[in-house]
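*Asks:*
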Amino acid sequence: MSAAPPHVLIIGAGTGGLCLAHGLRRAGISVAVYERHRDRAEGLLGYRVGIGPTGSRALRECLPPELFATFLATCARPPHYFNVVTQGLRQTASFALRPSTDPVRTEHSVARMVLRQVLLTGLEDVVHFDKTFTRYEQRDDGTVTAHFADGTSATGDLLVAADGTHSAVRRQYLPHALTSDAGTINIATRIPLTPHTSGLIPQRVQQGISLIFGVGGMMGVLHVMEFKWDAERAIKPGVGEPDAALLRDWPGLAHDTTTDNINLIIWSAANRFPADIMERRGEDLVQVALDLTSNWHPYLRELLAHADPASALPIKVSTSEPVPPWKSSTVTMLGDAIHTMTPGRGVGANTALRDARLLCAQLSRATAGDKTLLQAVADYEAVMAPYGFARVAESLNRSGTSGDDRMYRPVVGRLALLGARGYFGVTSRVPRLRRRFVDDFHTYEGDRD
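Our numbering applies: residue 48 is where the sequence shown begins, and numbers increase by one.
1. Tell me which same chain residues have a C-beta within less than 7 Å of the C-beta of R186, skipping the five on either side of it?
2. In angstroms with no decimal places, state the Cα-to-Cα distance between E492 and G99.
3. What's the C-alpha gap between R72 and V378?
4. Under 7 Å between the Cβ atoms of C109 and G64?
5. Would you kindly work out how many angstroms separate the C-alpha atoms of I312 and T168, rounded to a whole number?
6. DSSP has K363 in a bridge; who is on the other side?
7. Could you say which of N397, K418, S227 and R392 lies nearest to R159 if we only look at CA atoms?
8. Cα separation between P52 and V174?
9. Is the beta carbon of I282 closer than 7 Å to that of L240?
10. Just how far apart, CA to CA, sit S358 and L351?
11. Put T133 into one of helix, strand or coil per three-state DSSP.
12. In this structure, does DSSP put P239 in helix, strand or coil?
13. Just the Cα atoms here: how many angstroms apart are R152 and T101?
14. Buried or exposed: S227, going by 16 or more other Cβ atoms within 10 Å of its Cβ?
15. On the DSSP bridge assignment, give the partners of W314 in chain order.
16. Going by C-alpha distance, which of D452, K363 and F176 is nearest R83?
17. Would you list the one or two residues that DSSP bridges to E171?
18. Give a yes or no on whether the C-beta atoms belonging to D402 and L381 are separated by under 7 Å.
19. Beta-carbon within less than 8 Å of H194's beta-carbon, same chain only, minus the 5 sequence neighbours each way: which residues are those?
20. Which whole-angstrom value is the C-beta distance of P249 and L136, which I expect to be below 8 Å?
21. My understanding is that H270 touches S156, with C-beta atoms under 8 Å, so please give their C-beta distance in whole angstroms.
22. Measuring CA to CA, which of L56, A74, T62 and R87 is closest to Q409?
23. Could you tell me whether the segment 126-145 touches the segment 472-481, where touching means 3 or more Cβ pairs closer than 8 Å?
24. Three Cβ pairs or more, each shorter than 8 Å: is that satisfied between the segment 196-215 and the segment 55-63?
25. Whole-angstrom Cβ separation of Y455 and G264, contact assumed at under 8 Å?
26. Using a threshold of 7 Å, state whether the C-beta atoms of L307 and E273 are closer than that.
27. Going by the DSSP bridge assignment, what does G97 pair with across the sheet?
28. For F115, I'd like the list of residues in its chain whose CB is within less than 7 Å of its CB, leaving aside the five on either flank, ordered along the chain.
29. So, with DSSP's three-state summary, where would you put H489?
30. Please report the Cβ distance between S375 and R251, rounded to the nearest whole angstrom; I am assuming they are in contact, meaning their Cβ atoms lie under 8 Å.
31. Check for me: the beta strand (DSSP E) holding M431 runs from which residue to which?
32. What's the gap between the Cα of N342 and the Cα of I76?
33. Inspect the beta-carbon positions of L293 and A120 and report whether they are closer than 7 Å.
34. What residues in its chain sit with their C-beta under 6 Å from that of R87, if we drop five residues either side in the sequence?
35. Can you grab the Cα-Cα spacing for the pair A224 / S214, in whole Å?
36. Quick one: grab the DSSP three-state call for D494.
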């Protein structure tokens, strides 16, 4: 005998929270999402996120079929190569990536804001904007009430924290669950893709994801994002009719300003940056990036000089500290709200989507009467916490992610740099090692669920 469907409150309209909302709706479970941003156009900038098999599987299972097809149509051109280059644009290694027609078992290049617009589609009556969460109350009747800064509140049977690294829900629920400074800082920039800026980039770099190993511990990553629409939101010539029809009917295209661009992100140990770096914005922040890359190739520096100042963003990299198991209740968490990870492994968004898929499946079983709501939450957390914190550790241990990495040390840093370049050079030239590297790129360890 089925139980009465619960009403689920989700705090935060990010990738994981919105994927969960879609999945719950498809399962016939009542859901409401509360987002602190004022409208669907505010919030994330259009930087790249890689959606691998884990994320694609979750999106396919949680989204309505037509919306999953829209997600695929809105992805940028997939990378054909993974490159490693020096700060002088000399190629150290290049790996040809596998083409794939499987919509799940492949790597999708996605702009964060475009993905946000896709996931907001069809949830217009579910997502409530301009709602800053302040606290919750768990009541004797088993319900939980969320309170917001505007004086309003909402009551449901389960509260899901999907409000990111600085989660206000987590601070109240698990005050001992802390995030720490990884010791590195990124400056992310977005450069309009024009004939001039395109001409500054070697062809293999244009066609792939390129990791820049610079001397002195200054790192970078460059990726060209090309979409199926132009700057006027017209569908480009050559786009197949099925994708063109989906894009013409997709309301999200009118809300997003993302167009073809070059993502160029630099990072290093935090002590390399000005003390007030997190307050810098616009042209001032772009100038900091230029100052830090004074020994980079003139073409890379010219790209930075052409960056959209409004897009420049400083990012202090954080990582979660593992916590022992906690007693499950009518409050739970997903994504960065519980397991913030560095970008070292590139699986943060995929892990949040995996959480959403798993929690949706458990709540569906509770609704079907297979288990209680609290047991469903406990079963979700018993699986989520181990793999989530495993991804945290893996990401932190990747070279260059932690500010303590020897890459950033004055003397041994040069040896570490030579070692890293040598590793990629040898790996790209030995067929067995090259195949293993490409296999790992297409199927992250964290994707094998």
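Every residue, glycine too, gets a C-beta built ideally from N, C-alpha and C.
*Replies:* With the structure as the only source:
1. The beta carbon of R186 sits closer than 7 Å to the beta carbons of T192 from its chain, once the five residues preceding and following it are set aside; these are given in chain order.
2. Bear in mind that the predicted position of E492 carries a pLDDT of just 39, short of 50, making it unreliable; the figure below should be weighed with that in mind. Cα to Cα, E492 sits roughly 11 Å from G99.
3. CA-CA distance, R72 to V378, rounds to 19 Å.
4. Cβ atoms of C109 and G64: not closer than 7 Å.
5. If I take the Cα positions, the gap works out to 29 Å.
6. When DSSP reads this structure, K363 sits in a beta bridge with I232.
7. Out of N397, K418, S227 and R392, N397 has the C-alpha closest to the C-alpha of R159.
8. Cα-Cα distance, rounded: 19 Å.
9. In this structure, L240 keeps its C-beta atom at 7 Å or more from the C-beta atom of I282.
10. S358 and L351: Cα-Cα distance of roughly 12 Å.
11. Strand at T133.
12. Strand at P239.
13. As the crow flies, the alpha-carbon of R152 is around 8 Å from that of T101.
14. It is exposed - the Cβ of S227 has fewer than 16 other Cβ atoms within 10 Å.
15. Beta-bridge analysis with DSSP links W314 to N233 and M266.
16. Nearest to R83 by alpha-carbon distance, out of D452, K363 and F176, is F176.
17. Paired residue(s): none; E171 is not in a bridge.
18. In this structure, L381 lies closer than 7 Å to D402 by Cβ.
19. Shown here for H194: same chain residues with a beta carbon closer than 8 Å to its own, the five before and five after excluded, namely F180, T181, R182, Y183, E184 and S200 in chain order.
20. Going by Cβ atoms, the distance from P249 to L136 rounds to 7 Å, so yes, they are a contact pair.
21. Going by Cβ atoms, the distance from H270 to S156 rounds to 7 Å, so yes, they are a contact pair.
22. When each option's Cα is compared against that of Q409, the closest is A74.
23. Short answer: they touch.
24. Contact holds between the segment 196-215 and the segment 55-63, because three or more Cβ pairs, one in each stretch, are under 8 Å apart.
25. With 8 Å as the limit, Y455 and G264 qualify as a contact, their Cβ atoms being about 4 Å apart.
26. Note on residue identity: the sequence assigns Asp, not Leu, to residue 307. In this structure, E273 lies closer than 7 Å to D307 by Cβ.
27. Paired residue(s): S156.
28. So the qualifying residues of the chain are L106 and R107.
29. If DSSP states are grouped into helix, strand and coil, H489 belongs with the helices.
30. So it is not a contact: roughly 49 Å between Cβ atoms.
31. Premise fails: M431 lies in the alpha helix (DSSP H), L420 to L443, not in any beta strand (DSSP E).
32. Rounded to whole angstroms, the gap between the alpha carbons of N342 and I76 is 56 Å.
33. L293 is a Cβ neighbour of A120, given a cutoff of 7 Å.
34. Sequence-distant Cβ neighbours of R87 in its own chain, meaning closer than 6 Å and more than five residues away, are L167 and H302.
35. Rounded to whole angstroms, the separation of the alpha carbons of S214 and A224 is 11 Å.
36. Note on D494: pLDDT 48, under 50, position unreliable in the model; no value is reported.
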